[in-house]
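For the sequence shown, the working numbering begins at 69 and goes up steadily by one. In this text, a Cβ means the ideal position worked out from N, Cα and C, and glycines have one as well.
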Amino acid sequence: MKNVKWVALLLVVLFMFSVAASGCAPKTQSSEKVIKIGFIGPLTGDVKTFGTSTQNAFLLAIKEHNNTVAGYTIQTVIGDDANTATQATAVATKLITQDKVSAIVGSVTSSCTIPISVVCEQYKVPFVTPTATNPKVTMDPDRKTYAFRACFIDPFQGTVGATFAVNNLKAKTAAALYDQGNDYSVGLKDFFSQSFTKLGGQMLDTEAYTKNDTDFSAQLTKIAALKPDVLYLPDYYQKVSLIGKQARDKGIKAVFMGGDGWDSSDLDWATMDGGYFSNHYSADDPSPQVQSWVKDYQTAYGSKPDALGTLAYDATNLVLGGITNAASTDPTKIRDAIQNLKDFQTVTGKISFGADGNPIKSAVILKIDGKNKKSTFAASIKP
Ligand code: PHE
Numbered sequence: 069m070k071n072v073k074w075v076a077l078l079l080v081v082l083f084m085f086s087v088a089a090s091g092c093a094p095k096t097q098s099s100e101k102v103i104k105i106g107f108i109g110p111l112t113g114d115v116k117t118f119g120t121s122t123q124n125a126f127l128l129a130i131k132e133h134n135n136t137v138a139g140y141t142i143q144t145v146i147g148d149d150a151n152t153a154t155q156a157t158a159v160a161t162k163l164i165t166q167d168k169v170s171a172i173v174g175s176v177t178s179s180c181t182i183p184i185s186v187v188c189e190q191y192k193v194p195f196v197t198p199t200a201t202n203p204k205v206t207m208d209p210d211r212k213t214y215a216f217r218a219c220f221i222d223p224f225q226g227t228v229g230a231t232f233a234v235n236n237l238k239a240k241t242a243a244a245l246y247d248q249g250n251d252y253s254v255g256l257k258d259f260f261s262q263s264f265t266k267l268g269g270q271m272l273d274t275e276a277y278t279k280n281d282t283d284f285s286a287q288l289t290k291i292a293a294l295k296p297d298v299l300y301l302p303d304y305y306q307k308v309s310l311i312g313k314q315a316r317d318k319g320i321k322a323v324f325m326g327g328d329g330w331d332s333s334d335l336d337w338a339t340m341d342g343g344y345f346s347n348h349y350s351a352d353d354p355s356p357q358v359q360s361w362v363k364d365y366q367t368a369y370g371s372k373p374d375a376l377g378t379l380a381y382d383a384t385n386l387v388l389g390g391i392t393n394a395a396s397t398d399p400t401k402i403r404d405a406i407q408n409l410k411d412f413q414t415v416t417g418k419i420s421f422g423a424d425g426n427p428i429k430s431a432v433i434l435k436i437d438g439k440n441k442k443s444t445f446a447a448s449i450k451p
């Protein structure tokens with residue numbers, strides 16, 4: 069009798085233990101192999117439309133892969149850098165050391181991606197930034213071996229803008245206004261100015277501001293007096309909208325020009341009307357790759373993808389392509405496989421990485437149509 073009681077008690081304990089254990093078990097079956105892929109973007113802060121479209125596209129690319137790659141079930145880990153360098157460093161460190169991601173897609177802006185590149189190099193985890201165009205993301209001054217990007221770089225982007233200004237707009241003079249604390253803005257200002265001068269144009273003035281400035285009257289008063297043909301504004305959509313408005317109020321008639329940072333549905337379309345900016349792709353491109361992507365994104369999210377979303381889709385597929393070839397969760401094996409991808413087909417073209425981790429790609433120039441609140445294709449410029 070005593071024995072029976074003990075056996076019964078033992079059975080109850082065993083049963084309770086098994087219930088508790090199954091309650092704690094992850095949803096995936098124990099035999100299932102998992103790979104963690106991180107995403108970092110500005111989901112809050114001054115450029116949050118950039119974060120939204122890149123995250124949308126990242127998740128869509130993973131979904132189209134049926135959440136699996138090389139026999140692993142994909143677990144995504146999302147990080148927000150709020151477009152500040154300190155938060156970017158913190159979130160990259162967390163994704164790598166706590167979540168143990170095998171690779172990262174991100175981030176969006178150069179000022180965040182440059183610090184992320186340092187963290188990734190330290191922990192030897194590869195990342196592909198969809199959109200950070202400053203040269204220092206992959207080289208500073210030596211090659212950061214875990215760094216890759218799906219976009220062209222700013223020396224090319226600045227040249228493209230200057231070439232269009234001289235050849236298409238017949239501009240003879242220009243001025244630039246830039247954020248002196250933003251790597252992207254500083255770089256693009258330099259590259260545009262160098263090319264514009266080399267092509268025979270004259271840079272009449274270059275004025276600086278800082279990220280928190282909201283009043284640009286001192287700089288714009290100087291520029292207004294010089295009457296440049298072009299005013300180059302290499303910053304993100306919020307800032308250029310603000311500057312554009314104040315420039316017109318000062319009577320500046322120059323054509324506004326800028327770079328990919330203008331690409332947002334939240335641009336002040338009326339103010340920026342008639343302006344031109346260099347970008348990575350046009351949704352009007354008739355190529356089958358672009359048109360089927362635009363349709364897929366529109367079905368999923370109800371709007372056309374901007375360049376950021378498109379490049380995030382490409383960057384995610386580059387990471388998935390690397391994992392497929394590596395057939396491993398080991399970050400260094402994935403790094404090697406990404407470096408070795410050849411003519412990898414993406415929406416924005418075929419990608420092979422040079423020794424510097426940068427693809428060589430064409431750019432487009434888009435014109436702002438203020439009335440219809442959209443940008444239209446103006447030119448395509450090859451490297
Ligand atoms: N190129 C920008 C940077 O490096 C980011 C960006 C890309 C913004 C594409 C908009 C569109 O900071």
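Legend entry - Environment of LEU294 [buried if 16+ CB atoms lie within 10 Å]: exposed
Legend entry - Nearest-angstrom Cα separation, counted from PHE220 out to ASN426: 7 Å
Inset, instruction - Check whether the Cβ atoms of ALA200 and ARG211 lie closer than 8 Å to each other. - result: no
Legend entry - Proximity below 8 Å, CB of THR117 to CB of ASP334: yes
Inset, instruction - Leaving out five residues on either side along the sequence, give the residues of the same chain with a beta carbon under 6 Å from the beta carbon of PRO223. - result: PHE259
Inset, instruction - Take ALA243 as the anchor and find which of GLY319, LEU301, THR227, ILE419 has the nearest alpha-carbon. - result: LEU301
Legend entry - Opposing strand residues paired with GLY174 [DSSP bridges]: ILE108
Legend entry - Continuous alpha helix (DSSP H) assignments of at least 4 residues falling wholly in the region 240–266: 251–266
Inset, instruction - Quick one: using the 10 Å Cβ neighbour count with 16 as the cut-off for buried, is CYS92 buried or exposed? - result: Since pLDDT at CYS92 reaches only 41, below the 50 mark, its modelled position is unreliable, and the value read off the structure follows with that caveat. Burial call: exposed.
Inset, instruction - Report back the beta-carbon spacing between ILE402 and LEU409 to the nearest angstrom; my notes put them in contact at under 8 Å. - result: Their Cβ separation, rounded to whole angstroms, is 11 Å, which puts ILE402 and LEU409 out of contact at 8 Å.
Legend entry - Residues of its chain near ASP352, where Cβ-Cβ distance is below 8 Å and the 5 sequence neighbours each way are ignored: THR444, PHE445.
Legend entry - Nearest neighbour of VAL205, chosen from VAL186, LYS192, SER371 [CA to CA]: VAL186
Legend entry - Bridge partner(s) assigned by DSSP for TYR304: In DSSP, TYR304 forms no bridge with anything.
Inset, instruction - Tell me whether THR199 counts as near ligand 1, meaning its Cβ is closer than 7 Å to at least one heavy atom of that ligand. - result: For THR199, the shortest C-beta to heavy atom distance toward ligand 1 is below 7 Å.
Inset, instruction - Would you mind reading off the limits of the alpha helix (DSSP H) that contains SER360? - result: Unbroken alpha helix (DSSP H) run through SER360: 356–369.
Inset, instruction - Would you decide whether GLN287 is buried or exposed? Buried here means 16 or more other CB atoms lie within 10 Å of its CB. - result: buried
Legend entry - Cα-Cα separation, TYR369 to ASP281: Approximately 34 Å between the Cα atoms of the pair.
Inset, instruction - Count the other CB atoms, across all protein chains shown, that sit within 10 Å of the CB of GLY377; report buried if there are 16 or more and exposed otherwise. - result: Counting Cβ neighbours within 10 Å, GLY377 comes out buried, since at least 16 surround it.
Inset, instruction - For LYS442, decide whether its Cβ has a neighbour in chain D, counting only Cβ atoms nearer than 8 Å. - result: Note that chain D does not occur in the displayed structure, where there is just one protein chain.
Legend entry - Proximity below 8 Å, CB of VAL228 to CB of ALA375: no
Inset, instruction - Indicate whether LEU245 and GLU275 have their beta-carbon atoms separated by less than 8 Å. - result: The answer is yes: Cβ separation under 8 Å.
Inset, instruction - Indicate, with yes or no, if ligand 1 has a heavy atom lying under 7 Å from the CB of ASN426. - result: For ASN426, the shortest C-beta to heavy atom distance toward ligand 1 is 7 Å or greater.
Legend entry - Residues near PRO110 in its chain [Cβ-Cβ closer than 8 Å; skip 5 each side]: LYS116, PHE118, GLY119, ASP148, ASP149, ALA150, ASN151, SER175, VAL176, THR177, CYS180
Inset, instruction - With hydrogens ignored, establish whether the beta-carbon of GLY329 is closer than 7 Å to any heavy atom of ligand 1. - result: Because some heavy atom of ligand 1 lies under 7 Å away, the Cβ of GLY329 counts as near it: yes.
Inset, instruction - Could you check the C-alpha separation between HIS348 and ILE103 for me, to the nearest Å? - result: 30 Å
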